[in-house]
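Number 260 in the numbering used here belongs to position 231 of the sequence shown; there are no gaps in the numbering. Heads up, the beta-carbon is just placed ideally off N, CA and C, and yes, glycines get one too. This one's a predicted model, so the numbers in the text were calculated from it and none came from an experiment. Working notes, structure below.
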Amino acid sequence: MGETLRIEEAPLTGDDIALLRRCSRGKTLALIACLFIFLLLVSMTLLVAVLAVSEWRSLRGADGVMLLLVVVGAGVGVAFFGRRLLRVPRAWRSVARALKGRAPKQIVSGHLTGFGPGERPGITYVFGDQRVDVALPFWNEVTSDTRSGARPADAVALTDLPVRLHVLPLLPDAPGLLLRVDYPMSGQAWTSLEEISDADRESVRREERGVRKFFLLAALAPLAVSLFVPPVILLAAVLALMGLVLGMRSPRLKRARHKQGVRGVVEEVVTYRLRTPNSLTVSLAHNYRVGGVMYRVDHLGPAALPGQRVEFEYVDAGALGQRELSFRIEDQPAMTL
């Protein structure tokens with residue numbers, strides 16, 4: 030038997046607009062970088078084409094094949110970045126209207142029977158035989174195309190419950206942006222706002238010093254080996270540099286004045302795999318929905334599960350992003366961040 034969904038429109042709240050503003054932060058620089066790469070590829074394509082036409086008589090077979098491959102590769106890049114740039118003006122207009130409170134959101138209500146990663150970047154809510162695909166803030170491209178972004182490695186949630194999805198449609202042919210989700214227990218979550226204490230700063234500084242000490246000690250082994258194999262000293266230098274950088278004082282904590290606390294039942298867990306550039310290292314980014322709101326919490330140890338109660342604190346330093354101070358699953362010791 031199919032589940033009947035109820036869809037109604039409602040104005041954006043102050044929290045919705047604040048979330049959308051945070052999602053849009055820094056996108057201008059990304060657009061400039063995209064435009065620069067597009068123009069660079071166009072210039073490269075034109076330059077290679079002109080050279081090929083003017084020097085075609087002197088080209089050998091291998092040179093011609095190489096030029097053809099360069100033109101094809103640059104052309105593919107031009108098409109990719111050009112398509113993204115063409116969608117930006119319409120997406121930005123939609124975001125601008127929403128930031129001014131002129132675009133309504135949709136509230137989709139139904140009995141949730143399934144939840145998981147979507148076929149495209151984003152997640153899917155299942156209501157009987159009906160599916161609702163949505164884009165997640167910070168993980169999908171909000172100011173260009175919500176169909177682009179990162180795809181979750183795993184997504185689980187409490188199901189067999191009535192829920193209300195707050196979705197902001199940005200483009201007619203793309204998934205809407207998920208602002209919040211109301212579960213039956215969402216109203217029981219607890220939040221707080223307090224000034225950051227000296228103890229909080231000292232705790233974070235102690236962790237930073239621990240990270241620095243770990244990498245500096247790790248650098249001693251390749252440093253000793255470099256006495257016999259000189260090139261290995263480069264590895265020691267890299268480890269020492271990582272220790273100095275990662276052990277620096279957190280700019281987020283310097284800038285922030287207040288910390289925010291959250292405590293409640295985990296309603297959803299969405300996990301992403303993040304790969305470090307030029308490295309095989311993979312880390313997990315856990316996103317927990319508590320009280321209807323999604324929070325990204327980076328921590329070591331196992332992830333919390335839907336239905337468990339968690340408690341964590343973080344600071345929001347504006348453009349510098351969020352920095353977790355503590356994370357704890359109920360009846361378990363606090364985890365290292």
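Exercise for the section: Provide the residue(s) that pair with A265 in DSSP beta bridges, ordered along the chain. Expected result: In the DSSP output, where bridge partners are listed per residue, A265 has none listed.
Problem - Distance CB(G139)-CB(T300) smaller than 9 Å - result: no
Handout entry: Residue interval of the alpha helix (DSSP H) (run including A47)
Key = G43 to S53
Exercise for the section: Let me know the secondary structure DSSP gives F244 once reduced to three states. Expected result: helix
Exercise for the section: Can you give me the start and stop residues for the beta strand (DSSP E) that E223 sits inside? Expected result: Counting along the chain, E223 sits inside the beta strand (DSSP E) bounded by residues W219 to E224.
Practice task
Report the rounded CA-to-CA distance for V185 versus Q337, giving the unit in angstroms.
Solution key: 13 Å
Practice task
Would you mind stating whether L194 and C52 have Cβ atoms separated by less than 9 Å?
Solution key: no
Handout entry: Y301, enclosing beta strand (DSSP E) - first and last residue
Key = H287 to R304
Handout entry: Check whether P204 and G151 have beta carbons under 9 Å apart
Key = Cβ atoms of P204 and G151: closer than 9 Å.
Problem - Unbroken beta strand (DSSP E) run spanning R331, endpoints - result: Inspection of the sequence shows that residue 331 is occupied by Pro rather than by Arg. Careful: P331 lies outside any beta strand (DSSP E) and carries neither H nor E.
Problem - Straight-line Cα distance separating E236 from G330 - result: 16 Å
Exercise for the section: Would you kindly check if the distance between the Cβ of V319 and the Cβ of V344 is under 9 Å? Expected result: no
Problem - Sequence-distant residues of its chain with Cβ nearer than 7 Å to V107 (five each side left out) - result: F67, L70, V71 and T74
Handout entry: Best match in A103, V100 and V210 for proximity to L141 [C-alpha to C-alpha]
Key = When only C-alpha atoms are compared, the closest one is V210.
Practice task
Assign M30 to one of two classes, buried (16 or more other C-beta atoms within 10 Å of its C-beta) or exposed (fewer than that).
Solution key: Because the pLDDT at M30 is just 43, under 50, the model does not fix this residue reliably, and the value given afterwards should be weighed accordingly. Label assigned to M30: exposed.
Practice task
Give every residue of the same chain whose Cβ lies closer than 6 Å to the Cβ of E296, excluding the five residues on either side of it in the sequence, and list them in chain order.
Solution key: L187, Y212 and R318
Problem - Option in A39, L48 and E353 with minimal Cα separation from W168 - result: L48
Handout entry: Own chain residues within Cβ distance below 7 Å of A179, not counting five before or after
Key = P150, W168 and Y301
Practice task
Counting only the same chain and skipping the five closest in sequence on each side, list residues whose C-beta sits under 8 Å from that of G102.
Solution key: none
Problem - CA nearest to the CA of I358, picked from A164, R286 and R292 - result: R292
Exercise for the section: Can you have a look at D360 and say buried or exposed, based on whether 16 or more other CB atoms are within 10 angstroms of its CB? Expected result: exposed
Problem - Coarse secondary structure for V161, derived from DSSP in three states - result: In this structure, V161 counts as strand in the three-state DSSP scheme.
Problem - Other residues of its chain near T365: CB distance less than 6 Å, five sequence neighbours each side excluded - result: The predicted model places T365 with a pLDDT of 48, which falls under 50 and marks its position as unreliable; any figure quoted below should be read in that light. If we look at T365 and ignore the five residues flanking it on each side, its Cβ neighbours are L329.
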